[in-house]
Structure formats: C-alpha cells, structure tokens
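Novice: Heads up, the sequence shown is in UniProt numbering, so the first residue is 1 and it goes up one at a time. Note that the Cβ used here is the ideal one computed from N, Cα and C, for glycine as well. Let me give you the structure first, and then I'll get to my questions.
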Amino acid sequence: MKFQEMEAQAAQREKRNIRRLDSIVPTAGKEGSAIQFNLYKGRGVAVFTSGGDSQGMNSAVRSVVRMGIYLGCKVFFINEGYQGMVDGGDNIVEANWNSVSDIIQKGGTIIGSARCSDFRKREGRLKVKALKTLRFHQLFMPLLRSSLKIWFSISARIAALNLIEKGITNLVCIGGDGTLTGANQFRKDWPGLVKELVDTGKISPETAAKNPNIQIVGLVGSIDNDFCGTDMTIGTDSALQRIIESIDAVSATAQSHQRSFVVEVIMTKSFG
C-alpha cells in the first residue's frame, strides 16, 4: 500500500473517530488500539548504526524510518555512525518511504558504520603504541590527553550543531556496548554542548531554548546476545542459523568418513 493511500485512510478514520482493533501497532498498555497517525508531526528523528555490523540492522533501520514517517516525523539517516554525525554535510540526509525498500534481506547496514571509541568518554581514547615504547612517553601523555579532551569537546560540539541545524532532537542508535555508551554520554553532555554553542555564537539563545535536551533510544545490535532484559539482540538469530547450517554441512563429511569433527564457534569483536 502506498504511503499516500495510508495517509488518506488514516484521515478518514480520524474524521469518523474509528479505531482499528486489528492494528499491529499497539500503544503501551492499550493492546489493540492504534497509534495516532501524525502523532509527532514535524519532529526530527535520526537513525544511525555504529560499531560492528550485525544481521538484522537493516530491518531495524527500516522499522524506524517507516514508523517515524507514519507518526509524521522528519526522519534522517546518519551515514557512517558517529563519524558521520561529526562530519555532517551529506552524511546526514532525510529519508523517505522508498529509502528503505528492498533492504530487509540484505546483510550489514545500508547507512554504513564506523567505530568511534572517542564518544565513550569525554576525554576520548587514543591507542598510540609507538608512544608506549618510548621512555619519555609519560611526559607527553598528560599533554596528549589534554589535547584529546579539547578535540573531543570540539567534535561533540560540532555533532550537536549538525543535529540542531537539521532540527534533530531524537536519536535512534543501533549498535553494541560502545555505541550505547557513547550515546548515553552524548545525552549527558548535551546541555553543556548547547551552552558552548551559544557562548561561541554558533546558535542563538532562542535556538538553544528549543533544543534543551536530546532523546535517545538504543537498539542492541550484537550476535553475542549479551544484553539483559531482552529475549534476543539484533543479529543473534541469523548468527545461530549460520552456525547450524555450517554444522549440518560438516556432519555429512563426518558421517561419510566415520570421523569426529571438533567445531569451535568464536563470536567476539576480536575474532571472525
């Protein structure tokens, strides 16, 4: 069904004050009642994937985009994760209904992903192995940390400015531990970042008043299924399916040669 037809039908239902009892989009605690069409009209929402990719990320992106459009939001893609948020420009683009067509069956993520460990802590992290081999590295490390703290503060401020310029006050991040940790830190730092933007003349006090905080939703993308409070993280089911297929395939050879095979499954960010 085309989006225009959905919009017309929703308008008719609203006019007649009729609720769909067969809706698959129930509100919390109100099973069977539909979420109102255009409930959050005009609000800005952005979705991005960060860190290692996992199967099912594209399905999650599709759900966020189409549900956001249904609710009347302006939905944006942030390409290349946190790096794209900092770089801005063409990395932050508005999505439409067709932007997420024919992607459910595809692996990886259509909007790209990049690891950015600097968002985990405000002072940032940098692994410079060469410095550790020098005897005088302790003399330079405090200066390096100080420089990184300034750099990260500037990067986070630029990211906040890019979001504010697009009218984005809601983020949906899909990723693992680093992604969610960085998102939570970004949320905590947001009021301070907005204040810095006002102090530096990047935005007006009126604009700052319209963006006092940022709402963040985190979706766990991990084949390890290592997150409590949820039945299964994004990517786990597909990973298990691939394991089963591989074991079934090797079982035929084991039976043919009457030999035992030892299969080891390693699923971490350091292996595979």
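Please determine if the region 192–210 and the region 232–252 are in contact, where contact requires at least 3 C-beta pairs separated by less than 8 angstroms.
Specialist: no
Novice: In or out: residue 261 buried (at least 16 other Cβ within 10 Å) or exposed?
Specialist: One-based indexing of the sequence shown puts residue 261 at position 261. Its Cβ having fewer than 16 others within 10 Å, residue 261 is exposed.
Novice: On a Cα-Cα basis, can you pick out the residue from 195, 210, 47 that is closest to residue 61?
Specialist: Here residue 61 refers to the residue found at position 61 of the sequence shown. By alpha-carbon distance to residue 61, the top candidate from 195, 210, 47 is 47.
Novice: What would DSSP say about residue 207, mapped onto helix, strand or coil?
Specialist: In the sequence shown, residue 207 corresponds to position 207, counting from 1. If DSSP states are grouped into helix, strand and coil, residue 207 belongs with the helices.
Novice: Tell me where the alpha helix (DSSP H) around residue 249 begins and ends.
Specialist: To locate residue 249, count along the sequence shown from 1; it is residue 249. Element bounds for residue 249: 236–257.
Novice: Return the bridge partner residues of residue 216 from the DSSP annotation.
Specialist: By one-based count along the sequence shown, residue 216 stands at place 216. Per DSSP, 171.
Novice: Output needed for residue 42: all residues of its chain with C-beta closer than 8 angstroms, excluding positions within five of it in sequence on either side, in chain order.
Specialist: By one-based count along the sequence shown, residue 42 stands at place 42. Once the five neighbours on either side are set aside, the close Cβ partners of residue 42 are 72, 73, 74.
Novice: Measuring only the C-alpha atoms, how far is residue 69 from residue 224?
Specialist: Counting from 1 along the sequence shown, the entry for residue 69 is found at position 69. Counting from 1 along the sequence shown, the entry for residue 224 is found at position 224. Their Cα atoms are separated by approximately 31 angstroms.
Novice: In its own chain, which residues sit with a C-beta less than 6 angstroms from the C-beta of residue 227, not counting the 5 before and 5 after it?
Specialist: Against the sequence shown, residue 227 aligns to sequence position 227. Closer than 6 angstroms at Cβ, skipping near neighbours: 220, 233.
Novice: Under a three-way DSSP split, which group does residue 130 fall into?
Specialist: Taking the sequence shown and counting its residues from 1, the one referred to as residue 130 is at position 130. For residue 130, the predicted model reports a pLDDT of 37, less than 50, meaning its position is unreliable; a value from the coordinates is still stated below. Here residue 130 sits in helix by DSSP.
Novice: Can you tell me the Cβ-Cβ gap for residue 169 and residue 214, rounded? I've got them flagged as a contact below 8 angstroms.
Specialist: Taking the first residue of the sequence shown as position 1, residue 169 is located at position 169. Taking the first residue of the sequence shown as position 1, residue 214 is located at position 214. At roughly 6 angstroms, the Cβ-Cβ gap stays under 8 angstroms, so residue 169 and residue 214 are in contact.
Novice: Residue ranges of each alpha helix (DSSP H) run of no fewer than 4 residues wholly in the region 23–79, ordered along the chain?
Specialist: 57–70
Novice: Three-state secondary structure (DSSP) at residue 221?
Specialist: As a working note, residue 221 is residue 221 in the sequence shown. It is a strand residue.
Novice: What is the DSSP secondary structure of residue 277, reduced to helix, strand or coil?
Specialist: Given a span of 1 to 272 for the chain in the structure shown, any question on residue 277 remains unanswerable.
Novice: Residue 93 bridges to which residues according to DSSP?
Specialist: In the sequence shown, the residue the question calls residue 93 occupies position 93. DSSP, once it has assigned bridges, lists 77 as partnering residue 93.
Novice: DSSP state of residue 275, grouped into three classes?
Specialist: Because the chain in this structure spans residues 1 to 272, residue 275 falls outside the shown range and cannot be described.
Novice: Among 53, 37, 35, which residue has its Cα nearest to the Cα of residue 177?
Specialist: As a working mapping, residue 177 is identified with position 177 in the sequence shown. The candidate whose alpha carbon is nearest that of residue 177 is 53.
Novice: Is the separation between the beta-carbon of residue 45 and that of residue 99 shorter than 8 angstroms?
Specialist: As a working note, residue 45 is residue 45 in the sequence shown. As a working note, residue 99 is residue 99 in the sequence shown. Not in contact: residue 45 and residue 99 (Cβ atoms no closer than 8 angstroms).
Novice: Any chance the CB of residue 229 is under 7 angstroms from a heavy atom of the ligand NAP?
Specialist: For the structure depicted, the ligand NAP is absent and the ligand set is empty, with no information on it obtainable.
Novice: Would you identify the three-state DSSP class for residue 164, choosing helix, strand or coil?
Specialist: Along the sequence shown, one-based indexing puts residue 164 at 164. Residue 164 carries a helical assignment under DSSP once its states are collapsed to helix, strand and coil.
Novice: Where does residue 232 fall in DSSP's three states?
Specialist: Counting from one through the sequence shown, the residue named residue 232 turns up at place 232. Note: residue 232 maps to coil in three-state DSSP.
Novice: Is the separation between the beta-carbon of residue 107 and that of residue 79 shorter than 8 angstroms?
Specialist: As a position in the sequence shown, residue 107 is number 107, starting the count at 1. As a position in the sequence shown, residue 79 is number 79, starting the count at 1. Going by C-beta atoms, residue 107 is not nearer than 8 angstroms to residue 79.
Novice: What did DSSP end up calling residue 143 once you bin it into helix, strand or coil?
Specialist: Position 143 of the sequence shown, counted from the first residue, corresponds to residue 143. Here residue 143 scores only 46 on pLDDT, less than 50, and its place in the model is too uncertain to base an answer on.
Novice: Could you work out which residue in 59, 36, 156 is closest to residue 84 when comparing CA atoms only?
Specialist: Counting from 1 along the sequence shown, the entry for residue 84 is found at position 84. The shortest Cα separation from residue 84 among 59, 36, 156 belongs to 156.
Novice: Please classify residue 87: does DSSP put it in a helix, a strand, or coil?
Specialist: Taking the sequence shown and counting its residues from 1, the one referred to as residue 87 is at position 87. Three-state DSSP puts residue 87 in a helix.
Novice: Taking 6 angstroms as the limit between beta carbons, can you name the residues of its chain near residue 167, skipping five residues before and five after?
Specialist: If you number the sequence shown from 1, residue 167 lands on position 167. Taken in chain order, the residues that qualify are 44.
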